[in-house]
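Accompanying notes for the structure given below.
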């Protein structure tokens, strides 16, 4: 089999990214939408680390660490909002989150 | 640096794992990613997401990034996923697992996502055909220059985050800002989940 190049990693990351986008666009369960966002962030991280390997410096790895920090903050706040919403409306469907609509 | 380590560094792109290993991991990551977005039960989705995260961590090991792989396992698979599982158990999953799982516009979403995938793959294929950047003339995806040492990866990351020998690191300021962001996120999560503010 051929040697694994940067392009191979980019293709895997593109596939993971698109899977995450499909999850965000089509699922109704908010928890699964948040998990799909994690999938998207992971695809970006994989790209950054592959480029870090390609150029032989560590900046990509540092960026991916900051993205992990960001993902943790996003998950904490997003799940907090979800719990507050569930307490008020007893549902976790995206379609029924329409409090600001008029 | 001893000669044995030098030989290991110069052995090409994937001395940590064979191409076979890469393809197995890629299949595992994509298959479990597919399971994340198709399962009816949210707990199953979360477990599939853990498999994806672990296979991405293995990719990091193959890319000479052991510190990022450790962060991935400890923070993602250990921290964030436990948070997700807790929330899944707090909210009522029985009702939502009997519901319709996909929204009414799902064919549109699927088509848009497929168009995005076609765009990505087209761009990558064009880049592969181009080989050299038309403006700078340099290779678009050059072969790895084999400078990443695996044994001192954590020290180098620490030098860039915290600084080295009394000097501030390149990312020290960003690191402090990140800690501020985490503080704000903690406050936000706590206030959001309080019963009465």
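Chains as they are written, first to last, in the working numbering: chain Z, -19 to 82; chain G, 7 to 203.
Yeah, the Cβ is synthetic: ideal placement off N, Cα and C, and Gly gets one too.
Inter-residue spacing [alpha-carbon to alpha-carbon] between residue i and residue j
{"i": "residue 158 (chain G)", "j": "residue 23 (chain Z)", "result": "25 Å"}
{"i": "residue 59 (chain Z)", "j": "residue 183 (chain G)", "result": "22 Å"}
{"i": "residue 61 (chain Z)", "j": "residue 68 (chain Z)", "result": "11 Å"}
{"i": "residue 65 (chain Z)", "j": "residue 19 (chain Z)", "result": "23 Å"}
{"i": "residue 156 (chain G)", "j": "residue 103 (chain G)", "result": "45 Å"}
{"i": "residue -13 (chain Z)", "j": "residue 146 (chain G)", "result": "10 Å"}
{"i": "residue 30 (chain Z)", "j": "residue 138 (chain G)", "result": "19 Å"}
{"i": "residue 141 (chain G)", "j": "residue 94 (chain G)", "result": "50 Å"}
{"i": "residue 50 (chain G)", "j": "residue 89 (chain G)", "result": "15 Å"}
{"i": "residue 51 (chain Z)", "j": "residue 75 (chain G)", "result": "15 Å"}
{"i": "residue 111 (chain G)", "j": "residue 41 (chain Z)", "result": "37 Å"}
{"i": "residue 72 (chain G)", "j": "residue 79 (chain Z)", "result": "45 Å"}
{"i": "residue 72 (chain Z)", "j": "residue 79 (chain G)", "result": "28 Å"}
{"i": "residue 117 (chain G)", "j": "residue 54 (chain G)", "result": "24 Å"}
{"i": "residue 192 (chain G)", "j": "residue 92 (chain G)", "result": "16 Å"}
{"i": "residue -11 (chain Z)", "j": "residue 10 (chain Z)", "result": "29 Å"}
{"i": "residue 25 (chain G)", "j": "residue 129 (chain G)", "result": "24 Å"}
{"i": "residue 198 (chain G)", "j": "residue 170 (chain G)", "result": "40 Å"}
{"i": "residue 39 (chain Z)", "j": "residue 105 (chain G)", "result": "45 Å"}
{"i": "residue 186 (chain G)", "j": "residue 166 (chain G)", "result": "19 Å"}
{"i": "residue 175 (chain G)", "j": "residue 54 (chain Z)", "result": "26 Å"}
{"i": "residue -5 (chain Z)", "j": "residue 69 (chain G)", "result": "18 Å"}
{"i": "residue 135 (chain G)", "j": "residue 125 (chain G)", "result": "15 Å"}
{"i": "residue 220 (chain G)", "j": "residue 74 (chain Z)", "result": "In the structure as shown, chain G begins at 7 and stops at 203. Residue 220 (chain G) is therefore absent and cannot be evaluated."}
{"i": "residue 163 (chain G)", "j": "residue 81 (chain G)", "result": "17 Å"}
Sheet register partners of residue i (DSSP bridge)
{"i": "residue 108 (chain G)", "result": "Z:7"}
{"i": "residue 73 (chain Z)", "result": "Z:9"}
{"i": "residue 145 (chain G)", "result": "G:138"}
Top-ranked residue by Cα proximity to residue i, from the options
{"i": "residue 84 (chain G)", "options": "G:42, G:63, G:169 and G:146", "result": "G:63"}
{"i": "residue 26 (chain Z)", "options": "Z:10, Z:47 and Z:3", "result": "Z:47"}
{"i": "residue 43 (chain Z)", "options": "G:198, G:185, G:181 and G:195", "result": "G:181"}
{"i": "residue 36 (chain G)", "options": "Z:-8, Z:12 and Z:14", "result": "Z:-8"}
Cβ-based neighbour list, residue i, same chain, cut-off 7 Å, excluding 5 preceding and 5 following
{"i": "residue 57 (chain G)", "result": "34 and 38"}
{"i": "residue 0 (chain Z)", "result": "16, 17, 19, 20 and 23"}
{"i": "residue 4 (chain Z)", "result": "13, 16 and 17"}
Cutoff 8 Å; reference residue i; Cβ partners in own chain excluding five residues on either side
{"i": "residue 47 (chain G)", "result": "99 and 103"}
{"i": "residue 120 (chain G)", "result": "none"}
{"i": "residue 7 (chain Z)", "result": "13, 16 and 74"}
{"i": "residue 87 (chain G)", "result": "52, 55, 56 and 59"}
Residues near residue i by beta carbon distance below 6 Å, same chain, minus five either side
{"i": "residue 133 (chain G)", "result": "146"}
{"i": "residue -3 (chain Z)", "result": "20 and 23"}
Using a beta-carbon distance cut-off of less than 8 Å, what residues from the region 50 to 63 of chain G approach chain Z? Here the close residues are 51, 52, 55, 58, 59 and 62.
Using a Cβ cut-off of 7 Å, which residues of the region 116 to 143 of chain G contact any Cβ in chain Z, in chain order? Residues of the region 116 to 143 of chain G with a Cβ closer than 7 Å to any Cβ of chain Z, in chain order: 116, 118, 119, 122, 123, 126, 127, 130 and 134.
Could you run through the region 185 to 199 of chain G and flag, in chain order, every residue whose CB is less than 9 Å away from some CB of chain Z? Result list: 185, 187, 188, 190, 191, 192, 194, 195, 196, 197, 198 and 199.
Residues of the region 64 to 80 of chain Z whose Cβ lies closer than 8 Å to any Cβ of chain G, in chain order: Residues of the region 64 to 80 of chain Z with a C-beta atom less than 8 Å from some C-beta of chain G are 64, 66, 67, 70, 71, 72, 73, 74 and 75, listed in chain order.
Which residues, in chain order, does the region 17 to 35 of chain Z contribute to contact with chain G at a C-beta distance below 8 Å? Listed by position, the residues of the region 17 to 35 of chain Z near chain G (Cβ gap below 8 Å) are 18, 19, 22, 25, 26, 29, 30, 32, 33, 34 and 35.
Could you run through the region 161 to 174 of chain G and flag, in chain order, every residue whose CB is less than 8 Å away from some CB of chain Z? Residues 162, 163, 166 and 167.
Which residues of the region 80 to 98 of chain G have a Cβ closer than 9 Å to any Cβ of chain Z? Give them in chain order. Those would be 81, 82, 85, 86, 87, 89, 90, 92, 93, 94, 96, 97 and 98, in chain order.
Can you list, in chain order, the residues of the region 99 to 111 of chain G whose Cβ is nearer than 9 Å to any Cβ on chain Z? Taking 9 Å as the cut-off between beta carbons, the residues of the region 99 to 111 of chain G near chain Z are 99, 101, 102, 103, 105, 106, 107, 108, 109, 110 and 111, in sequence order.
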